[in-house]
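Take a look at the structure below.
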Amino acid sequence: LRGQPATRQCGLGGSSQHRYQLCTKCKFLSPLHNLSLWGKMVGHTIRWRVCVALFIVASLVKTSDAFSILPAQRRAELKSELLDLCSMTKRGLAETPEQREKIASLFEQLERTNPVKKPLNSDKVNGVWSLRYTTSDSILGRNGSPRVGPILQKIDTENLCAENSEVVRYFNIIDVPRRVTAILTPQSDRLTNVQFDRFSVGPVGFKAPESFRGFLDVTYLDDELRLTRGDKGNIFVLTRFSDESLA
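Numbering (UniProt numbering), first residue to last: 1 to 247.
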């Protein structure tokens, strides 16, 4: 055997020209080759796991960003659609059954995306708001004297009071301002009892009867929009009024 390359039998008739090579018949690996291959496998495994971990982290970051962006985008779309639809109905006086149903649906969808969970504890609820839509026939003056100009509501949670104001046109010739003040008694972070206190029609004022009471449930609030449910099942869509001098 002198001068011949050393061979190694594997017990199944296979041989290799190098003691570190793989036996072609039995796939037997020499100890040194085993160690080298094991090291490569470990390296590949570690790299694979690192890649998977980085992919998962990146996916979670992207998903988190998506969840934070999508609600804001969705709210903006719903608000735009709701206010556009309300503007076609003259605050609800000229709505069709289809519009009424669609407004109710948009109203409920926005309620589910409410960004302010404790609206009565937020400064955003304070200020003057303009009524854009309601299902309340009495506030709209349906089958009665029409309202002229904005219907406004001022809320002051610090002093627990509110004021509604409007201008009513009587006999289609006389415009008379009307106001009603109310005392607020919060029952939760979003619901408050309302006790009407005093009415005024033009220069004439009088105390409101004790039975004139209700509640307001603020179900959605942001910087520009407020959605409210009343005690008689009516809904109210209001936007922040910029000219407080008219309130």
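Note that CB positions come from ideal geometry on N, CA and C, so glycine has one too.
Measuring straight from C-alpha to C-alpha, what distance separates residue i and residue j?
i: A76; j: T113; result: 10 Å
i: T219; j: K117; result: 9 Å
i: G233; j: V194; result: 15 Å
i: L78; j: R226; result: 13 Å
i: G127; j: T228; result: 15 Å
i: D222; j: P97; result: 28 Å
i: D84; j: K102; result: 12 Å
i: F212; j: D231; result: 12 Å
i: Q99; j: C86; result: 8 Å
i: P209; j: S200; result: 13 Å
i: E81; j: S242; result: 21 Å
i: I174; j: T157; result: 34 Å
i: K207; j: E224; result: 33 Å
i: R240; j: I155; result: 11 Å
i: Q187; j: G214; result: 12 Å
i: V204; j: S122; result: 35 Å
i: W129; j: P115; result: 18 Å
i: L110; j: V167; result: 30 Å
i: N172; j: D137; result: 19 Å
Only counting the same chain, and skipping five residues up and downstream in sequence, which positions put a Cβ closer than 6 Å to that of residue i?
i: T181; result: E163, D197 and R198
i: P119; result: V125, R190, V218 and L221
i: G202; result: V176
i: D65; result: Caution applies to D65, whose pLDDT of 43 falls short of 50 and renders its modelled position unreliable; the model cannot decide the point.
i: P71; result: T113
Considering only residues of the same chain and omitting the five flanking positions on each side of residue i, which have a CB-CB separation below 7 Å?
i: G92; result: Y133, T134, T135 and L140
i: I183; result: L160, C161, Q195 and D197
i: E95; result: T89
i: Y170; result: S145 and V176
i: R74; result: T113
When the cut-off is 7 Å and only beta carbons count, does residue i lie next to chain C?
i: D217; result: Absent from the structure: chain C. Only one protein chain is present.
Cutting at 8 Å between CB atoms, please list the residues of its own chain near residue i, excluding the five before and the five after it.
i: L131; result: R91, I139, P150, I151, L152, Q153, F236, V237 and L238
Could you check how far apart the C-beta atoms of residue i and residue j are, in whole angstroms? I think they sit under 8 Å.
i: L216; j: T192; result: 6 Å
i: R179; j: S165; result: 5 Å
Inside the stretch 143 to 226 only - beta strand (DSSP E) runs reaching at least 3 residues: 147 to 156, 161 to 170, 174 to 186, 191 to 201, 204 to 207 and 213 to 221
Taking 8 Å as the cut-off, does the stretch 94 to 111 touch the stretch 139 to 155 (at least 3 CB pairs, one atom from each stretch)? no
Which runs of the beta strand (DSSP E) fall wholly inside the stretch 85 to 153 and span at least 3 residues, in chain order? Counting only unbroken stretches of 3 or more residues, the beta strand (DSSP E) elements lying wholly within the stretch 85 to 153 are 127 to 134, in sequence order.
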